[in-house]
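Chains as they are written, first to last, in our numbering: chain A, 1303 to 1715; chain B, 1303 to 1715.
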């Protein structure tokens, strides 16, 4: 049984991960948090103590770490005797943290695909550019690496695996729909790191259609759905991690990702993009200073973690799956609805961070108990979904299903 | 008779000034151009030679100059034996260039109010903050200083003086209307230095109403007029230099400035302003770099001088004056219409630069001949308007008038 967790990163998602680990420290053991800014780690530990989140007495520690430094990361894993690493730092550190896990034998998890700061939207499937090149190394060393185990990617991959196993003989399409119907009350803000947020939308939109990669422009294709709780919502086809693994791991001809955007977000995004202010390439001012415009945009926008106290409303994220069962056409929507205010009251983060931060802790529990400790690199759809969704039902992210039999909680015996 | 002209600045307006000086170098003598970037000065001189703009054989020279350096500027005035300085550099250098003129006795002209880089929209009347503090010094040294002698401010001040002298017994209101109905074909661009352009609109809007200063927000108050040539146009009440001198020099209760903006411009401006990207105060990026957001916005926008070749359409700028004459209510619109393409063909700049750059050369000719060589500091409305407008009629900016007698050229005998 693996135990002792090292959390890499100290943003809003790390805050949720830390709180949820503390709530299950009878199984997970010691909790260490590491980030470039140790003060942010210490603030998270204080908040755990303030909210009384520790289930049993336990060791908490904060560490300054540059996670691009493999040796320093490996040394910290050893020093803290961590057997599970939950990487919720910047998307630029995935490969260095994975290397440290390969060196130490610790289990590895992340919630978003690896990115090279200088490249936007690489060739599909994205996982083949970095992560999957380490598959063999993980298998050889018996290292468990679970890629993309946040909500989306992550829980939605488990929803897809569940649909295939339980509800369909054959699937024609999986449309993953992600709507944040909440409100932060600011003129404009991104819900997570603006740099990562905008990078997600400045490239081309890759989708999997008729068994092949299809490219579109951002905001080119939209749909409107009447969703549970949040009602009628317009979403836009968006490039997203899970399309790049589900397309390879499931035999499904159409897999698309849809994200909800208000007209205001689209307008601000369009202005910034068309002016060149979202560029990751440096420009030179009239005074000769070299500056990356996107980093200046990040500097003027609200810190996403500052939004949590005033955030109200709900998110709805799920898989709309269409196919055939017993010779009949069938359609199910498997989903979760999360509430920003409830998330803030429980762990001090808003709902977007909550949906991303709870699943890796559920996965850590399944690694600790051995159920998901598979000693190789996997995406979430390659693992049995029921124990994962079962834990999430208890941990604050209940699964619901809407199909011809109605709209109900999905409970596993 | 004064002669030999030093032009400070090497942007689109300086290009027009240089060409127009060359076209009248039989009166104006040698032409020197100075800017921080001497290559830009040299490019202007090349364009003068290419277009064959010199009326008679004459001396042209390009100089590297930091116009914030008073001693260097005075030395260049002496070295080039310039008796007239046309300052069309950045609005930050007005006071240092004026100091150099006071030191050397050269006549001084500019086309926009002095600005302190760290301050936005100071207390009205703006001229009292910097320029008018040097009135006495100019009078004592007998230095001619003509403030704001572009189109607006400048020609519109002469229109106001003309209206008062020739068409009214009493004036109730002067509404200066500035519409650019041209198109540059880019997604977004400013017609002159983006830094100066945006600074103009980020503060409060000062207007002169019922004999007192009134403050509004930008884009708060608009009007729609059916204008000559350009047709129906919506303009917004805007803070602008000429309101700050006309209100003090003419006994008119209402003086307002209106500028035309399309919805697209307003949207881009609003996004940038609300995000904090138009701020002149530095911010710090996550990496610790100190950056002034407005300077980054300037760096990503098209260079205004690059717009000229593709610019089409017309500008319409004029004074709508209402009052009484011989006991009757009366209304006149005194205006000019300029064409972007014609300006480019003649001098290689677009219409906005053309309307700003031709008037100071007309003023230089009036200083050279003595008519406007008043040996003190003045705003344009304090000078006889007819010789100035007469010259402009011949130099490419004809004055027209629309009143109860129709719409016609305004010609002076």
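We put the CB at the ideal spot given by N, CA and C, even for glycine.
Chain-order list of residues whose beta-carbon lies under 6 Å from that of residue i (same chain, five-residue window excluded)
i                      : result
residue 1579 (chain B) : 1595, 1599
residue 1480 (chain A) : 1454, 1561, 1619
residue 1462 (chain A) : 1476, 1548, 1621, 1683
residue 1624 (chain B) : 1474, 1475, 1633
residue 1510 (chain A) : 1545, 1549, 1557
residue 1363 (chain A) : 1334
residue 1310 (chain B) : 1336, 1369, 1389, 1391, 1399
residue 1542 (chain B) : 1559
residue 1372 (chain B) : 1398, 1401, 1402
residue 1447 (chain A) : 1410, 1440, 1679
One or two residues paired with residue i in a DSSP bridge
i                      : result
residue 1622 (chain A) : A:1477, A:1635
residue 1559 (chain B) : B:1478
residue 1592 (chain A) : A:1586
residue 1539 (chain B) : B:1560
residue 1525 (chain B) : B:1537
residue 1362 (chain A) : A:1333
Test: residue i CB closer than 9 Å to a CB of chain B
i                      : result
residue 1577 (chain A) : yes
residue 1366 (chain A) : no
residue 1489 (chain A) : yes
residue 1482 (chain A) : no
residue 1464 (chain A) : no
residue 1532 (chain A) : no
residue 1591 (chain A) : yes
residue 1569 (chain A) : yes
residue 1694 (chain A) : no
residue 1574 (chain A) : yes
residue 1594 (chain A) : yes
Residue i - DSSP class collapsed to helix/strand/coil
i                      : result
residue 1346 (chain A) : helix
residue 1309 (chain A) : strand
residue 1551 (chain A) : helix
residue 1512 (chain B) : coil
residue 1504 (chain B) : helix
residue 1383 (chain B) : coil
residue 1447 (chain A) : strand
residue 1630 (chain A) : strand
residue 1566 (chain B) : helix
residue 1581 (chain B) : coil
residue 1617 (chain A) : strand
residue 1575 (chain B) : helix
residue 1314 (chain A) : helix
residue 1653 (chain A) : helix
residue 1408 (chain A) : coil
residue 1713 (chain B) : coil
residue 1390 (chain B) : coil
residue 1398 (chain B) : helix
residue 1608 (chain A) : helix
residue 1641 (chain A) : strand
Any C-beta of chain A under 9 Å from that of residue i
i                      : result
residue 1426 (chain B) : no
residue 1390 (chain B) : no
residue 1256 (chain B) : Residue 1256 (chain B) falls outside the range modelled here, since chain B spans only 1303 to 1715, and no answer is possible.
residue 1586 (chain B) : yes
residue 1601 (chain B) : yes
residue 1597 (chain B) : yes
residue 1667 (chain B) : no
residue 1522 (chain B) : no
residue 1609 (chain B) : no
residue 1381 (chain B) : no
residue 1497 (chain B) : yes
Beta-carbon proximity list for residue i, same chain, < 8 Å, skipping 5 on both sides
i                      : result
residue 1317 (chain B) : 1346, 1349, 1607, 1649, 1650, 1651, 1655, 1659
residue 1368 (chain B) : 1338, 1374
Cβ-based neighbour list, residue i, same chain, cut-off 7 Å, excluding 5 preceding and 5 following
i                      : result
residue 1730 (chain A) : Because chain A is modelled from 1303 through 1715, residue 1730 (chain A) falls outside the range shown and cannot be assessed.
residue 1521 (chain B) : 1538, 1568
residue 1615 (chain A) : 1483, 1484, 1485, 1642
residue 1382 (chain A) : 1306, 1308, 1332, 1334, 1363
residue 1673 (chain A) : 1689
### Query
So does the stretch 1643–1654 of chain A actually touch the stretch 1604–1612 of chain A, counting three or more Cβ pairs closer than 8 Å?
Per the Cβ contact rule, the stretch 1643–1654 of chain A is in contact with the stretch 1604–1612 of chain A (3 or more Cβ pairs under 8 Å).
### Query
Does the pairing of the stretch 1663–1682 of chain A with the stretch 1567–1587 of chain A give three or more beta-carbon distances under 8 Å?
No, because fewer than three Cβ pairs between the stretch 1663–1682 of chain A and the stretch 1567–1587 of chain A fall closer than 8 Å, the two stretches do not touch.
### Task
Take every Cβ of the stretch 1321–1332 of chain A, pair it with every Cβ of the stretch 1352–1361 of chain A, and state whether three or more of those distances are shorter than 8 Å.
Look at the beta carbons and you see the stretch 1321–1332 of chain A touching the stretch 1352–1361 of chain A: at least three pairs across the two are nearer than 8 Å.
### Meets three-Cβ-pair contact criterion under 8 Å: the stretch 1578–1593 of chain A and the stretch 1464–1474 of chain A
Verdict: no, contact absent.
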